[in-house]
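Each residue of the sequence shown is one higher than the last, beginning at 137 in the working numbering.
Cβ atoms here follow ideal geometry from the backbone N, Cα and C, with glycine treated the same way.
Written out below as C-alpha cells is the structure these notes cover.
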Amino acid sequence: MLIDSYGRRIEHLRISLTELCNFRCVYCVPGEGLCPSPSALYLTREEIERFVRLAGELGITRIRLTGGEPLLRQDILEIVRCLKGLPTVHDLSLTTNGSHLAPLAKPLKEAGLDRVNISLDSLNPWRFREVASSPFYWKVIESVFAALGEGLKVKINVVALRGLTREEIAAFAELAFLYPLEVRFLEFMPLCGTAWRPELVLPIKNVRSAVKENVELLEDDRPRLDQPAQTFRIRGGKGKVGFIASLTESFCDQCSRIRLSADGRILPCLFSGEEVSVGDLLRRHAPDEEILEAVREAVKRKPRGNRFRERPFGLGEDGDLEVARNPLIRHIGG
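Right, dumping it as C-alpha cells:
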C-alpha cells in the first residue's frame, strides 16, 4: 500500500501514452507553441505493462490512459488488452478528444476498457472549432453515442472558459438529463504556458449556478471521496453532472494520484515540478526493486497541495503570472 507523507492513499495512476494530438485546444497548446518529446523516447507497450504490474504490487489499481491523444497510438488496443489482463488493474479508463473513438469503441470495450472521458467543450459546432481548432465536432458527437452504445461508461469533460454561455451550460445539463452519462465542468488550469490568463477562467460556482437554473441537482448517492469532482444526480434524469474546481475549491487533500509521462517520468503532482525518472530504468531492464523504489520516491515527494490553494489564479506577490514555469498538460497528461 502506498501512503504519502500526508496520509493519503495512492491508488490512481494516469499514464500519458503520447504527447501528440490532432487538436490544438486553447487550454492545452501554449501561446509559444509546442516542442514535443521525441516519439522514440515514448515508453513501449511492454514497458508500460511492466510499470503497471509493479505499481500494482504497491496498491495502484485504477489506471487512466491519457495523452496528447491516446488513440493516436497504433498499439492502443494491445495496451488496453494487456493492462486489463493484469490482476491488480480493477478499473481501466481513457481520456480522448473523441475524433478517433467511434470506430474503436467496440474493440476497446472488447479489449477490456471500462470507461471513457470525452473532451467536448461546446455543443455549438462553431464555438467548438474556435476552442479546439478542429473540424471534427460531429465525429466527437458520434463517438459519444458509439461509446454509450457499446456499454462503456461515459463522462464528457467541459473546460469552463469565459464565453461559455448560460445557454450552452443549459444544453449540457439537458444532455445529462436525457442520457446515462456524466457531464463534468472543469476550471481552466494554468497548464498551457503563457496562453493561460486569469480572465479566461469561468469559476465553477458560476457554472453550478447556471446548471441549477435548468435542472434540480441531488446529492450523489455513491460519492467517491478520492475523486476531484463534486457529483450530483439529476432529478428525473438519466445522467449526472460533476464540477471540478481545480483553482477556486482545491481538492488536494483527497488527491490519490500520480502520473507517468509518455517519456517515463513519474509526476507526483500536476503543479509541483517534482519528478522521478523511470524511463531509463525500464529501457535497461533494471531490477524490479529499482522501479518500485522510484515509485515510492515519487509518492514521498507528493506535496500537501499546490500553490494555487493560496493564490487561485496563479498571481505572485508582485502581481506577475507564475504560469510560465508550470508543466504543460500536453507533456504530462491530464
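- C-alpha of residue 344 to C-alpha of residue 314: approximately 18 Å in a straight line.
- As computed with DSSP, residue 378 is found in a beta bridge with 320 and 367.
- Pairing residue 237 with residue 279 gives a Cβ-Cβ distance under 8 Å.
- Under the three-state reduction of DSSP, residue 200 is assigned to strand.
- The segment 210-217 makes no contact with the segment 418-437: fewer than 3 CB pairs, one atom from each, lie closer than 8 Å.
- In the displayed model, residue 290 falls within a strand according to three-state DSSP.
- For residue 369, the closest C-alpha among the options 320, 430, 401 and 389 is that of 320.
- One thing to note: residue 258 has its Cβ no nearer than 8 Å to the Cβ of residue 234.
- Following the DSSP letters along the chain, one finds residue 392 in no beta strand (DSSP E), marked with neither H nor E.
- Between residue 438 and residue 404 the beta-carbon gap is near 4 Å, inside 8 Å, which marks them as a contact.
- Runs of alpha helix (DSSP H) with 4 or more residues, each lying fully within the segment 384-438, are found at 415-419 and 424-436, listed in chain order.
- The count of Cβ pairs closer than 8 Å, one atom from the segment 389-398 and one from the segment 142-149, reaches three, so the stretches are in contact.
- In the three-state reduction of the DSSP assignment, residue 269 falls in the coil class.
- At the C-beta level, residue 249 and residue 216 come within 8 Å of one another.
- Out of 161, 396 and 252, the CA that lies nearest to the CA of residue 296 is found in 161.
- Going by DSSP, residue 217 is part of no beta strand (DSSP E) but of the alpha helix (DSSP H) stretching over 212-220.
- Counting along the chain, the unbroken alpha helix (DSSP H) around residue 184 starts and ends at 181-193.
- One thing to note: residue 365 has its Cβ no nearer than 8 Å to the Cβ of residue 288.
- When secondary structure is reduced to three states using DSSP, residue 260 falls in the coil class, being assigned neither helix nor strand.
- DSSP places residue 311 outside any beta strand (DSSP E); the residue lies instead in the alpha helix (DSSP H), whose first and last residues are 302-314.
- Within the model, the alpha-carbon separation for residue 262 versus residue 271 is close to 9 Å.
- For residue 337, DSSP records a beta bridge to 297.
- When DSSP states are grouped into helix, strand and coil, residue 152 belongs to the strand group.
- In this structure, the alpha-carbon of residue 406 lies about 8 Å from that of residue 395.
- In this structure, the straight-line span from the alpha carbon of residue 274 to that of residue 419 is close to 40 Å.
- Its Cα nearest to that of residue 277, the residue 239 stands out among 239, 245 and 301.
- Rounded to the nearest angstrom, the Cβ distance from residue 164 to residue 205 is 10 Å, too far for a contact under 8 Å.
- Within its own chain, the residues whose Cβ lies closer than 6 Å to the Cβ of residue 435, once the five positions on either side in sequence are excluded, are 138, 140 and 146, listed in chain order.
- Non-local beta-carbon contacts of residue 191 in its own chain, meaning distances under 7 Å to residues more than five positions away in sequence, involve 149 and 431 in chain order.
- Residue 220 places its beta carbon 8 Å or farther from that of residue 253.
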